[in-house]
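Start counting the sequence shown at 175; every next residue gets the next number (the working numbering).
Ideal Cβ positions, reconstructed from N, Cα and C, are used throughout, including at glycine.
It should be emphasised that the depicted structure is a prediction, and the values quoted were computed from it without experimental measurement.
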Amino acid sequence: WQVSSGNSGAICMGFWVALANLNTFLNFTIWYQDALNRAPIFCDISIKIRIGAEIGRLASIFCVARFLADIVSPRATALTKSDRRRRAIFDYSIAFGVPFLVMAFHYVWQPTRFAIVKGYGCNVTALMTWPTLVFRFIWPPLFAAAAVLYSVYTVYRLIRHRRNFQRAVAGSHSALTTARFVRLAILSFSYLLIAMPLAVYGTIIDLSITGRYLEYSWIYIHSPVEASFDFDRVNSASSQYWNVVGRHRGCRILCGLRVRGGGPLALLQSKRISRQSSA
175 WQVSSGNSGA
185 ICMGFWVALA
195 NLNTFLNFTI
205 WYQDALNRAP
215 IFCDISIKIR
225 IGAEIGRLAS
235 IFCVARFLAD
245 IVSPRATALT
255 KSDRRRRAIF
265 DYSIAFGVPF
275 LVMAFHYVWQ
285 PTRFAIVKGY
295 GCNVTALMTW
305 PTLVFRFIWP
315 PLFAAAAVLY
325 SVYTVYRLIR
335 HRRNFQRAVA
345 GSHSALTTAR
355 FVRLAILSFS
365 YLLIAMPLAV
375 YGTIIDLSIT
385 GRYLEYSWIY
395 IHSPVEASFD
405 FDRVNSASSQ
415 YWNVVGRHRG
425 CRILCGLRVR
435 GGGPLALLQS
445 KRISRQSSA
């Protein structure tokens, strides 16, 4: 029902979780028992997906949390077609625009093509420079913190005005029923309970692994004559980081199941697709 009702935040969340899980599955399948550089072009694409999905999932949850907060806000009014269009433009700009922008600027702070680790596959390499902070590390905690604030506000409004909750949801004309609102809120809150600590902890680990802060220099990183790094070199990383990665992987798989949906409409659509496939 997320797609049919045009729930843009949840659509973005489903896209990024599905893409991240597919990318993780392919990486694990290819490198489950070694770390040979057997698919360099795939790794070039895979690390871009990792960067985008890392930010895109939290940006999508931010959009979902913002939407739920708008529904229970005392200033909420019935959503018109124009309101839905503006919300969709905002959600897609945040959930897709920011990740794609970061993916496009990856080369600016990319010292080597990628790292390969046994049992995990391709991953991003980075130096501690200001572009790394601005284009990679700052976004996950920022979106997670903003989503938590919206979620706390939503819970506060629900507790304080629980008697008018059903009327507020119905009055929004957003294709949300009370049950759908609750399921979407549970998805958002449960993901944040996992994603917020991981976003902060993962960022701290990333910062520690990238080493001391360096003044950014394009020549220092990318000049073919004076660069201090061999761009085509394949690196490895410390085991401490990959323990964190494993937790992220489990979170993605779990949230992939939750994003798919467990409501009656989702189950009905699954049965319909299954019948069409077997026909």
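query	result
Which residues DSSP lists as bridging Cys296, in chain order	Ile290
Segment limits, alpha helix (DSSP H) that includes Ser182	182 to 204
Cβ neighbour criterion (16 or more within 10 Å) applied to Asp265	buried
Whether Ala194 touches Leu358 by CB criterion (8 angstroms)	no
Inter-residue Cα distance where the pair is Val191 and Thr254	29 angstroms
Integer Cβ distance of Met302 from Tyr387, believed to fall under 8 angstroms	5 angstroms
Proximity to Ala269 [Cα-Cα], best of Gly188, Gly385, Ile383	Gly188
contact_flag[the region 312 to 321, the region 225 to 238] where n(CB pairs < 8 angstroms) is 3 or more	yes
Burial state of Lys292 (16 or more Cβ within 10 Å)	exposed
Leu200 versus Trp392: straight-line alpha-carbon distance, rounded	33 angstroms
Leu301 in three-state terms, based on DSSP	coil
Proximity to Arg261 [Cα-Cα], best of Val282, Val238, Trp283, Tyr281	Val238
Rounded separation between Arg334 and Ile263 - CA only	31 angstroms
Cβ contact check for the region 280 to 295 and the region 201 to 221: 3 or more pairs under 8 angstroms	yes
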